[in-house]
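Residue numbers (this note's numbering): 1426 to 1752.
These notes concern the structure reproduced below.
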Amino acid sequence: QYLAGDRIRSSPYRLKMKEDAFCEQLCVTDIGLEQRGGVRPNEMSLAIRKNYHHNWIVDDLPAAGKLEGDTTAMTKYFGGFPLGFIASETGKVYIHNHVNIEIWYHNEETEPDRARIVRLVVEPFSIKHDFEPDESGDAHEDGPIKAAGIRRPIESCDRKFRSKEHTRYEMIVARNREPQPASGRVLFTYDVIWKEDEWVDWPSRWHVYLTMDNAIPACIHWMSIANSLVVLFMTSGILAAILVRNLRRDFNHYKILATDEERAESIIGFAWKLVHANVFRPPSFSPSLLAACCGTGSQLLCTAFWTILSSALGFTNSSRQGSLLMA
């Protein structure tokens, strides 16, 4: 991570194995003033306008971002998920202050009581909570955090509902519901959803991230390979034609008995063939420098070759952050 410029920090989100959470409160914070005439926007608004993203990791698995709209829902397995969004109609900046953390797990066949995390998907939402901050804070380390009292909550945040239901897109866009502007005091909440996956096991949990859930069709790779082969064959053919032409000219030249004048003229055109053995002569200036440069280049070439080969064969563990860079 240090070579890539990344730093891993622990977050205040609380996850318990196979225990769902419904609209748990995280904290209340003051983001800053909203953007107005003559007022500089806060840092969060600037970060959203610059398209900053969250990059979360759970059990060495990066978080995939799930974005849902009125008609479509898209899951992106690279780049995390955005801090917020900008309204296309008004140009106002809104922050994602609620997330649905979907964690998929696979039960061990040999140990039924043991499970492994195989996928992490985060779906962000923007909810303008009508709340009153709770100054008492969290009294229990393992208990739920009570950061504020919510007035007129959505269904998933209402404790009066007996049937627990996770936050859905329909709750966010319901009547009299607004997104949370990236300014003022903001209440951050989250849901935790555990899902069992019977097909994806521990060794193959990285396949969906490496293939990006087949977002790039395989035909693109075949087209690239075919393009490279065509260029290789064309270049080889052109080079072979030039060599054959030069060899035929040389053979025809040496077969003919030339006069002294023609021999003197031919020396000017073919004298480079007389110095072909000079490649074995050591250089007169700093032979050690030439040897070091050739040795370093060959080492880098061999290192790159074996790194690519080990990655292609699956020996490099993708779950170890920065292992490919260190290799």
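Beta carbons: idealized from backbone N, C-alpha and C, even for Gly.
Here's the rule: buried if 16 or more other CB atoms are within 10 angstroms of the residue's CB, otherwise exposed. What is residue 1448?
Against the sequence shown, residue 1448 aligns to sequence position 23. The residue is buried, with at least 16 neighbouring Cβ atoms inside 10 Å.
Is residue 1564 helix, strand or coil when you go by DSSP?
As a first step, residue 1564 must be located in the sequence shown, where it is residue number 139. A caution first: residue 1564 carries a pLDDT of 46, below 50, which makes its placement in the model too unreliable to give a value.
Compute the beta-carbon to beta-carbon distance between residue 1474 and residue 1511, rounded to the nearest angstrom, for a pair I have assumed lies under 8 Å.
Indexing the sequence shown from 1 puts residue 1474 at position 49. Indexing the sequence shown from 1 puts residue 1511 at position 86. That pair is a contact at about 7 Å.
Short check: CB of residue 1525 to CB of residue 1616, under 8 Å?
One-based indexing of the sequence shown puts residue 1525 at position 100. One-based indexing of the sequence shown puts residue 1616 at position 191. A contact, by the Cβ cut-off of 8 Å.
Nearest to residue 1609 (by Cα), restricted to the options 1450, 1441, 1440, 1468
Stepping through the sequence shown from its first residue, residue 1609 is reached at position 184. It is 1468 whose Cα lies nearest to the Cα of residue 1609.
Tell me which residue opens and which closes the beta strand (DSSP E) that residue 1718 is part of.
On the sequence shown, position 293 is the one that residue 1718 refers to. No beta strand (DSSP E) contains residue 1718, which is instead part of the alpha helix (DSSP H) from 1712–1738.
DSSP on residue 1675, reduced to helix/strand/coil?
In the sequence shown, residue 1675 corresponds to position 250, counting from 1. Note: residue 1675 maps to helix in three-state DSSP.
If residue 1453 sits next to residue 1606, beta carbons under 8 Å apart, how far is it from one beta carbon to the other, in whole angstroms?
For this step, residue 1453 is matched to residue 28 along the sequence shown. For this step, residue 1606 is matched to residue 181 along the sequence shown. That belief does not hold up - the Cβ atoms of residue 1453 and residue 1606 are roughly 15 Å apart, past 8 Å.
Compare the Cα-Cα distances from residue 1455 to each of 1436, 1481, 1522, 1490 and report the closest residue.
Along the sequence shown, read from residue 1 onward, the residue named residue 1455 stands at position 30. It is 1522.
Using three-state DSSP, classify residue 1541 as helix, strand or coil.
Here residue 1541 refers to the residue found at position 116 when the sequence shown is read from its first residue. In this structure, residue 1541 counts as strand in the three-state DSSP scheme.
First through last residue of the alpha helix (DSSP H) which encompasses residue 1610
Here residue 1610 refers to the residue found at position 185 of the sequence shown. Unbroken run through residue 1610 is the beta strand (DSSP E), 1610–1621; no alpha helix (DSSP H).
What number of angstroms, rounded off, separates the C-alpha of residue 1564 from the C-alpha of residue 1536?
As a working note, residue 1564 is residue 139 in the sequence shown. As a working note, residue 1536 is residue 111 in the sequence shown. Any reading at residue 1564 must be qualified, since the residue scores a pLDDT of 46, below 50, and its modelled position is unreliable; the value itself is stated next. Those two C-alpha atoms are separated by around 36 Å.
Selection from 1483, 1499, 1504, 1735 that minimises the alpha carbon distance to residue 1477:
The residue given as residue 1477 occupies position 52 in the sequence shown. Nearest of 1483, 1499, 1504, 1735 to residue 1477, Cα basis: 1504.
Would you identify the three-state DSSP class for residue 1594, choosing helix, strand or coil?
For this step, residue 1594 is matched to residue 169 along the sequence shown. Residue 1594 falls in the helix class under three-state DSSP.
Alpha carbon of residue 1573 to alpha carbon of residue 1579, nearest angstrom
Within the sequence shown, numbered from 1, the residue matching residue 1573 stands at position 148. Within the sequence shown, numbered from 1, the residue matching residue 1579 stands at position 154. Those two C-alpha atoms are separated by around 15 Å.
Would you call residue 1443 buried or exposed, if buried means 16 or more other Cβ atoms sit within 10 Å of its Cβ?
Working through the sequence shown from its first residue, we reach residue 1443 at position 18. Per the 10 Å Cβ criterion, exposed.
Using a Cβ distance threshold of 8 Å, determine whether the stretch 1646–1658 contacts the stretch 1540–1550, with at least three qualifying pairs required.
no
Of all the CB atoms in chain B, is at least one closer than 8 Å to the CB of residue 1575?
Protein chains in the displayed structure number just one, and chain B is not present.
When you compare each of 1712, 1482, 1501 to residue 1633 by their alpha carbons, which one comes out closest?
For the purposes of this step, residue 1633 is identified with residue 208 of the sequence shown, where counting begins at 1. That would be 1501, whose Cα lies nearest to the Cα of residue 1633.
Nearest neighbour of residue 1493, chosen from 1546, 1539, 1723 [CA to CA]:
Numbered from its first residue, the sequence shown carries residue 1493 at position 68. The residue with the shortest Cα to Cα distance from residue 1493 is 1546.
Could you tell me the distance, in whole angstroms, from the CA atom of residue 1483 to the CA atom of residue 1440?
In the sequence shown, residue 1483 corresponds to position 58, counting from 1. In the sequence shown, residue 1440 corresponds to position 15, counting from 1. In a straight line, the C-alpha of residue 1483 is about 10 Å away from that of residue 1440.
The ligand ZN heavy atoms versus the CB of residue 1483: any closer than 7 Å?
Absence of the ligand ZN is noted for the structure shown, with no ligands found whatsoever.
To the nearest angstrom, how far is it from the Cα of residue 1737 to the Cα of residue 1631?
Position 312 of the sequence shown holds residue 1737. Position 206 of the sequence shown holds residue 1631. Distance between the alpha carbons of residue 1737 and residue 1631 is about 14 Å.
If residue 1543 sits next to residue 1627, beta carbons under 8 Å apart, how far is it from one beta carbon to the other, in whole angstroms?
To locate residue 1543, count along the sequence shown from 1; it is residue 118. To locate residue 1627, count along the sequence shown from 1; it is residue 202. About 7 Å separates the two Cβ atoms, so the contact holds.
For residue 1595, which option in 1585, 1589, 1586, 1581 has the closest C-alpha, if you only look at C-alpha atoms?
Counting from 1 along the sequence shown, the entry for residue 1595 is found at position 170. The residue with the shortest Cα to Cα distance from residue 1595 is 1581.
Can you give the Cα-Cα distance for residue 1708 and residue 1508, rounded to whole angstroms?
Translated into the one-based positions of the sequence shown, residue 1708 becomes position 283. Translated into the one-based positions of the sequence shown, residue 1508 becomes position 83. Between residue 1708 and residue 1508, the C-alpha separation is close to 60 Å.
Beta-carbon proximity check, residue 1570 vs residue 1554, cutoff 8 Å
To locate residue 1570, count along the sequence shown from 1; it is residue 145. To locate residue 1554, count along the sequence shown from 1; it is residue 129. Contact: no.
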